[in-house]
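In short: position in the sequence shown from 1, add 138, done, that's the numbering used here.
For each residue, glycine too, the CB sits at the ideal point set by N, CA and C.
Below: the structure, in structure tokens.
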Amino acid sequence: MYAAGNINVAHHLNFKTYLINHPEEAKAYGELKIHLAKQSPDDVHIYQNGKEAFCNELMSKAMKWASEREDNKDGQ
């Protein structure tokens with residue numbers, strides 16, 4: 139949970155909205171999570187570490203996508 143106005147709120151919302159609008163990315167993310175959960179069902183650290191690079195890449199894409207959407211909205 140984050141305090142109101144915390145930048146992480148926007149990051150998480152952008153991540154979620156990006157996945158909703160990019161179902162192929164959401165599917166790949168879901169498949170990775172399933173694979174990692176099956177691979178190490180009793181070790182949350184392996185699960186978290188296993189998805190970190192993929193999540194960082196998705197977050198970068200999500201933030202760029204959100205910025206482009208905002209730029210397009212401002213340019214109307």
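In terms of residue numbering, what span does the alpha helix (DSSP H) encompassing residue i cover?
i: Y143; result: In the sequence as presented, Tyr is not what sits at residue 143; that position holds Gly. G143 -> no alpha helix (DSSP H), and no H or E assigned at all.
i: H173; result: P161 to Q177
Just the C-alpha distance for residue i and residue j, rounded to the nearest angstrom, thanks.
i: N144; j: K176; result: 34 Å
i: H183; j: E190; result: 10 Å
i: H160; j: Y167; result: 11 Å
Any idea what DSSP makes of residue i, helix, strand or coil?
i: D181; result: coil
Looking at C-alpha atoms only, which residue of the options is the closest neighbour of residue i?
i: N146; options: F192, I172, M201 and K171; result: M201
i: A204; options: H149, L170 and A141; result: H149
i: L174; options: N187, E208 and N152; result: N187
i: E169; options: Y185, D180 and D181; result: Y185
Could you tell me whether the segment 179 to 197 touches the segment 152 to 162, where touching means 3 or more Cβ pairs closer than 8 Å? yes
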